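Engineer:
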Amino acid sequence: MSLLWVLIVSKPSDGQVARSPLLGQPAPSIATATIDDQPFDLQRRKGSWVVFNFFNSTCVPCINEHQLLVDFANREATIDNGAELYTVVNDDSDDAVRNFFTKNGGDWTKLKDENGAIAVAFGVARVPETWVIDPNGLVRLRVTGELSEGLLEAQLDKLREEFTS
-14 MSLLWVLIVS
-4 KPSDGQVARS
6 PLLGQPAPSI
16 ATATIDDQPF
26 DLQRRKGSWV
36 VFNFFNSTCV
46 PCINEHQLLV
56 DFANREATID
66 NGAELYTVVN
76 DDSDDAVRNF
86 FTKNGGDWTK
96 LKDENGAIAV
106 AFGVARVPET
116 WVIDPNGLVR
126 LRVTGELSEG
136 LLEAQLDKLR
146 EEFTS
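The numbering used here puts the first residue of the sequence shown at -14, with every later residue one more than the last.
#1: Just confirm the distance between the C-beta atoms of residue 9 and residue 123, as a whole number of angstroms; I'd bet it's less than 8 Å.
#2: Sort out for me which residues DSSP pairs residue 11 with in a bridge.
#3: Is residue 77 buried or exposed, if buried means 16 or more other CB atoms sit within 10 Å of its CB?
#4: Tell me where the alpha helix (DSSP H) around residue 88 begins and ends.
#5: Does residue 75 pass the burial test, meaning 16 or more other C-beta atoms within 10 Å, or should it be called exposed?
#6: Quick one: Cα of residue 99 to Cα of residue 20, how far?
#7: If you check the beta carbons only, do residue 53 and residue 137 fall under 9 Å apart?
#8: Name the residue from 46, 101 and 146 whose alpha carbon lies nearest to the alpha carbon of residue 129.
#9: In whole angstroms, give me the CA-to-CA distance for residue 139 and residue 24.
#10: Of the residues 67, 82, 30 and 66, which one's Cα is nearest the Cα of residue 73?
#11: Among all the DSSP beta bridges, which residues are the ones paired with residue 128?
#12: Which residues does DSSP list as the beta-bridge partners of residue 26?
#13: Kindly list the residues whose CB is nearer than 8 Å to the CB of residue -3, restricted to its own chain and excluding five residues on each side of it in sequence; keep chain order.
#14: Taking just the CA atoms, how far does residue 37 sit from residue 108?
#15: Look at the alpha carbon of residue 43 and the alpha carbon of residue 58, and state the distance between them as a whole number of angstroms.
#16: Any idea what DSSP makes of residue 149, helix, strand or coil?
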């Protein structure tokens, strides 16, 4: 009974930097559309830091971390070579995603993941998951679970420093 109580009252774990066979490798080739039916091709983003956040509008950890992503996007917009944030919509309707972002903020691009192909290519276990791709197109970071305050910024700053050294 006590184990059941722990499982019921325990907070889901904060985001963890996680291993992946993709780390240090070229990012999967991604060509899709935005929820506004505009084309997106990851290859065209070479030269930029890219952050993919895999998301569903009914996912509680996704909802919980959303304000951190809004703050992150605002910060990145103010710095040279700031990262481009993209939401990868996982098993959700375009209208639900639009409504979520209208209500909660965030004006970055939302990508369709038809049939979960992007999630499969990255090996996403469950949402939320956040990935960073460097300007050379290499996968540099995977964070599983809900982001904690400052985690993404600290990791990206460290990666930028390594990249320019």
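No residue lacks a Cβ here, since even glycine has one placed at the ideal position from N, Cα and C.
Since we're looking at a predicted model, the values are computed, not measured.
Structural biologist: Considering the structure as presented:
#1: Sure, about 6 Å apart at Cβ, within 8 Å.
#2: Residue 11 is bridged by DSSP to 123.
#3: buried
#4: 79 to 89
#5: buried
#6: 11 Å
#7: yes
#8: 46
#9: 31 Å
#10: 82
#11: 2 and 115
#12: 16
#13: Low confidence applies here, because residue -3 scores a pLDDT of 45, under 50, leaving its location unreliable and the question unanswered by this model.
#14: 13 Å
#15: 21 Å
#16: helix
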